[in-house]
Amino acid sequence: MARKKSSPEDNGSSSAPSVAAQSAQNQLQSLAEKRDAVNEEALALERRRRALCKQSRGIEHRMRLAILRNFISECRELAGKVHALLPLELRDRVYEYAWEGYDASRPWRGPKRSYWTPWVLPEFVGHGVAKEAAVVYYRVKPHALPFSMPGGVETFLTVDRFHLGLNPGDHIRHLEIRILAHYNYAMLKTNMEALRQLRLMNGFRLRITLEGRVTEHLPKVLRALVPMCQELKEAGANVQVWEAQYALERKRLLDLPDLLNSMEG
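Mapping of the sequence shown onto this note's numbering: residues 4 to 268, in sequence order.
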């Protein structure tokens, strides 16, 4: 049987799809190659970015060290001149100025080292100058304490927050105490008796503020407070006892002699 010859039209129609498919495949391959090239370039850029970041951190670290070394050097030079040229009275004025604006209202938490003046850091000014500046801190700042911590007063008076070998009770001149009227009275008495560790009684200022339901608990509070208050006054301290009336937004100064008379009565 004779084979049927294919016509030119039949050959053209069968080869056209294969050419189109090949062209599409070539385009896809080209796009894939471009994608891979872009990804490789992105990875290279990321590696470069990380290297630059690491280099930048290193430069920044070295700059900070250089600035710190220069700052320490200048601080030591200044502290040395202050200590050598000024008498203690004038040095104390310098330290007082350095502590201005520092909040000492919560000393039981301990001042944060990052907020301390450089004058109290031995690595910046030397141990001697740092110790003098710390003494001024204890002496000139009014320190406020809550009486809600067992042994809180004794700890505050005996533990040096600057770790310079000082005994705070030897230098503190102004203490403010807040007491809840329904406080643990035995603990209150213990905390009050810890004030005997103060070395400089004459001229020492003690301000006690009674908070809460004062009238209801006043007799018990007086038994814990008054004996030590009287002892401090006889030693030359300036003692004030205030009653806080927050509902009326006011405070009332209580007369200590009257308190003593009420105790005796």
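All C-beta atoms in this analysis are idealised placements derived from N, C-alpha and C, irrespective of residue type, glycine included.
Any chain B beta carbon closer than 8 Å to residue i
i           : result
leucine 148 : Among the chains of the structure shown, chain B does not appear; only one protein chain is present.
Where the alpha helix (DSSP H) containing residue i begins and where it ends
i              : result
arginine 181   : Per DSSP, arginine 181 belongs to no alpha helix (DSSP H); it is in the beta strand (DSSP E), 177–183.
aspartate 95   : 91–102
methionine 277 : Beyond the ends of the chain as shown, which are 4 and 268, falls residue 277; an answer cannot be given.
leucine 160    : 155–161
Beta strand (DSSP E) segment containing residue i, residue limits
i            : result
arginine 210 : 208–214
Per-residue burial, residue i [other beta carbons within 10 Å of its own, 16 or more giving buried]
i                 : result
glycine 172       : buried
tyrosine 100      : exposed
histidine 146     : buried
serine 21         : exposed
glutamate 237     : exposed
leucine 198       : buried
lysine 144        : buried
glutamate 246     : buried
alanine 240       : buried
valine 128        : buried
arginine 164      : buried
phenylalanine 207 : buried
asparagine 42     : exposed
alanine 24        : exposed
alanine 69        : exposed
alanine 45        : exposed
leucine 91        : exposed
alanine 35        : exposed
methionine 231    : buried
leucine 225       : buried
alanine 137       : buried
methionine 195    : buried
isoleucine 211    : buried
isoleucine 182    : buried
Three-state secondary structure (DSSP) of residue i
i              : result
leucine 256    : strand
alanine 87     : helix
asparagine 205 : coil
alanine 240    : coil
For this session: Tell me, please, whether the segment 53–61 touches the segment 89–108 by the rule of three or more beta-carbon pairs shorter than 8 Å.
Result: no
Exercise. For the segment 121–149, which segments carrying the beta strand (DSSP E) assignment without a break, of at least 3 residues, lie completely within its bounds, in sequence order?
Worked result: 146–149
Exercise. Is the segment 159–170 touching the segment 203–211 in the sense that three or more CB pairs, one from each, lie closer than 8 Å?
Worked result: no
For this session: Within the segment 30–71, note down every full beta strand (DSSP E) run reaching 3 residues or more, in order along the chain.
Result: none
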